Structure formats: C-alpha cells, structure tokens
Amino acid sequence: MFYWGDFTFFMIIPVFILALSVQYSVNQRYKQYSKVMNRAGFTGAQAARKILDANGLTYVKVEMVKGHLTDHYDPRSQVVRLSALNYLEPSISSVTIAAHECGHALQHAEKYAPLGFRSSILPVANLGSKGAFPLFLLGLFFSITPLMDIGIILFAGALLFHLVTLPVEFNASSRAYVQLRTAGLADEQELVGAHRVLNAAAMTYVASTLMALVQLIRLVILRNRR
Numbered sequence: 001m002f003y004w005g006d007f008t009f010f011m012i013i014p015v016f017i018l019a020l021s022v023q024y025s026v027n028q029r030y031k032q033y034s035k036v037m038n039r040a041g042f043t044g045a046q047a048a049r050k051i052l053d054a055n056g057l058t059y060v061k062v063e064m065v066k067g068h069l070t071d072h073y074d075p076r077s078q079v080v081r082l083s084a085l086n087y088l089e090p091s092i093s094s095v096t097i098a099a100h101e102c103g104h105a106l107q108h109a110e111k112y113a114p115l116g117f118r119s120s121i122l123p124v125a126n127l128g129s130k131g132a133f134p135l136f137l138l139g140l141f142f143s144i145t146p147l148m149d150i151g152i153i154l155f156a157g158a159l160l161f162h163l164v165t166l167p168v169e170f171n172a173s174s175r176a177y178v179q180l181r182t183a184g185l186a187d188e189q190e191l192v193g194a195h196r197v198l199n200a201a202a203m204t205y206v207a208s209t210l211m212a213l214v215q216l217i218r219l220v221i222l223r224n225r226r
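Taking the working numbering, the leading residue of the sequence shown gets 1, the next gets one more, and so forth.
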C-alpha cells in the first residue's frame, strides 16, 4: 500500500480546495479593507493601545513585527505584535486585526479557560504535528502496528489543539467587534467591514481543523487496512 497513491489520499482534495479558497477570501477581504481608512484615523497600534488601556491592560505592550499578517499576541511576554502595515496604517483592516489580537490579551487577563487549555497542550500539539507522520509512515512501510498507533495518537493531539483553537479565535473576534464599537474605533458602516474581515479570518481556522480531522480519519483507515 503506497501512502500517497492510496485512495484515501483523495479524501484530502476537497478540504484542500476549501482551504485554498478560504485563504484567498482572507487575502481579498484584507486587501479590500486595507484600502479603506477608518474615519477615526487610528492606526492599528493606536487602536490596540486604546483598547488595552480602556480595559486596564496598560502593562501589555504593542510592538511591530516583520512579515505579512504575522500579527499575534504573545502571552509569555504580554505583548501584542502587529505586522508593519497593521501597526502603521489607519485602515479598517488594521484596527480590526489589532482589536482581534487585543481580544487574546483580554482572554489572557481574564484567564479564559480555552486559551489556558490550548497553551497547556501546545507542546503535545507541536510534537504531534512534527512526529506523527514520520512515525506512522515507518510503521506503515515496515508493518509495525504500534508505531502507527503512536503516530495516530500524536496526531490526535494536534487535532485537539485545532479544535480548542476554534472557540479561542471566535471568542477573540467577538471581543474585537465589541471593543471596536465601545471604543469608538469604527462606526456602524465600518463595523460591517470589520465583521467581514473577522469572519474571513475565522474560516481559516475552520478549514485547518477540517483538514486535520480528515487526515486523522485517513490515518485510522490506513491503519485498519494493514
């Protein structure tokens, strides 16, 4: 049984196409609203600072980071890091993404349970994403069932990480939407654009979770056919 030539490989194709279309949609939404300046005139950095301060998180820093859409919140350093364009530009996309990352900072400050659980299983997820397939393939090619089982268990840990990520990201987006409204960073018309950007970004996590789920099902099928 050849791993890449097996019929189960075709299970991945529809989800892969979905992931590509979702990524395209994210880029299109981001580009669309990065060209629309917010009426309040806030850059992403200024919006993040306003949201954090308004919620008592004056100790959380806002920094610029290299790359395109590399925005993230670092809970260890308690820093909101924004990619250059989002840090500097006063667009709807910039303030929306900044607000989303501040949503993670708010989760961290409030000890939001799913965020804490996701952080606790991160080492297992990293191990699973890197080690699951090599172990499974070794077990598959050399007919060592225990190795395949270990690979499946490790990959199940990676899938669990994806599943927990969904409520974390959706909750951060909900918080972002509220903060944009209450902080006066977007009017009603601009909130429509912000909602579209947040929804498009959220779908990337749905697609990656579906991909991981299909991969796990595929591994189980291949294992049971040995």
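Backbone N, C-alpha and C define an ideal beta-carbon position, used for all residues, glycine too. A quick note: this is a predicted structure, and the numbers were derived from the prediction, not measured.
Can you tell me the Cα-Cα spacing of Phe7 and Thr209, whole angstroms? As a first step, residue 7 is located in the sequence shown; it is residue number 7 there, counting from the start. As a first step, residue 209 is located in the sequence shown; it is residue number 209 there, counting from the start. Taking the straight line joining both Cα atoms gives about 21 Å.
For Ala158 and Val22, believed in contact at Cβ under 8 Å, the rounded distance: Indexing the sequence shown from 1 puts residue 22 at position 22. Indexing the sequence shown from 1 puts residue 158 at position 158. Taking a contact as a CB-CB distance under 8 Å, the pair Val22 and Ala158 does not count as one, their CB atoms being some 19 Å apart.
Quick one: what's Tyr73 bridged to in DSSP? Numbered from its first residue, the sequence shown carries residue 73 at position 73. Tyr73 is bridged to Val80.
Use the C-beta contact count for Glu190: other C-beta atoms within 10 angstroms, 16 or more gives buried, fewer gives exposed. As a first step, residue 190 is located in the sequence shown; it is residue number 190 there, counting from the start. Buried.
Between which two residues does the beta strand (DSSP E) containing Val60 stretch? Taking the first residue of the sequence shown as 1, we reach residue 60 at position 60. Careful: Val60 lies outside any beta strand (DSSP E) and carries neither H nor E.
Residues near Ser83 by beta carbon distance below 7 Å, same chain, minus five either side: Numbered from its first residue, the sequence shown carries residue 83 at position 83. Excluding sequence neighbours, Ser83 sits near Val65, Gly67, His68, Leu69, Thr70, Asp71.
If we ignore side chains and look at the alpha-carbon of each, how far apart do Ala45 and Glu63 end up? For the purposes of this step, residue 45 is taken as the residue at position 45 of the sequence shown. For the purposes of this step, residue 63 is taken as the residue at position 63 of the sequence shown. If you take the alpha carbons of Ala45 and Glu63, they lie about 8 Å apart.
Note down the Cα distance separating Ala99 from Lys50, rounded to an integer number of angstroms. The sequence position of residue 99 within the sequence shown is 99, counting from 1. The sequence position of residue 50 within the sequence shown is 50, counting from 1. Those two C-alpha atoms are separated by around 10 Å.
Could you tell me if Thr43 is buried or exposed, where buried requires 16 or more neighbouring beta carbons within 10 angstroms of its beta carbon? If you number the sequence shown from 1, residue 43 lands on position 43. By the neighbour-count rule (16 or more Cβ atoms within 10 Å), Thr43 is buried.
Pick from Ala109, Ser94, Phe117, Leu140: whose alpha carbon is nearest that of Ser77? As a working mapping, residue 77 is identified with position 77 in the sequence shown. Distances from the alpha-carbon of Ser77 to those of Ala109, Ser94, Phe117, Leu140 put Ala109 closest.
My parser needs the beta strand (DSSP E) runs of 3 or more residues fully inside the region 78-114; what are they? Secondary structure remark: continuous beta strand (DSSP E) runs of at least 3 residues inside the region 78-114, in chain order: 79-83.
Do Ala113 and Val60 have their CB atoms nearer than 7 Å? Position 113 of the sequence shown, counted from the start, is the residue given in the question as residue 113. Position 60 of the sequence shown, counted from the start, is the residue given in the question as residue 60. No.
Pick helix, strand or coil for Val65, following the three-state DSSP scheme. As a first step, residue 65 must be located in the sequence shown, where it is residue number 65. Three-state DSSP puts Val65 in a strand.
In the DSSP output, which residue or residues are listed as bridge partners for Met211? The residue given as residue 211 occupies position 211 in the sequence shown. Assignment of beta-bridge partners to Met211 by DSSP yields no partner.
When Phe133, Phe170, Met37, Asp187 are compared against Asn199, the one with the closest alpha-carbon: Along the sequence shown, read from residue 1 onward, the residue named residue 199 stands at position 199. The residue with the shortest Cα to Cα distance from Asn199 is Phe170.
Between the alpha carbons of Glu188 and Ser119, how many angstroms are there, rounded? Stepping through the sequence shown from its first residue, residue 188 is reached at position 188. Stepping through the sequence shown from its first residue, residue 119 is reached at position 119. Each residue's Cα considered, the two are about 35 Å apart.
Over what stretch of residues does the alpha helix (DSSP H) that includes Arg39 continue unbroken? Position 39 of the sequence shown, counted from the first residue, corresponds to residue 39. Taken as a continuous stretch (DSSP letters only), Arg39 belongs to no alpha helix (DSSP H), as it is neither H nor E.
Cα-Cα separation, Pro146 to Val197: By 1-based counting over the sequence shown, the position of residue 146 is 146. By 1-based counting over the sequence shown, the position of residue 197 is 197. So the two alpha carbons sit approximately 44 Å from each other.
Contact check, Ile92 vs Gly193, beta carbons under 7 Å: On the sequence shown, position 92 is the one that residue 92 refers to. On the sequence shown, position 193 is the one that residue 193 refers to. Taking 7 Å as the Cβ cut-off, Ile92 and Gly193 qualify as a contacting pair.
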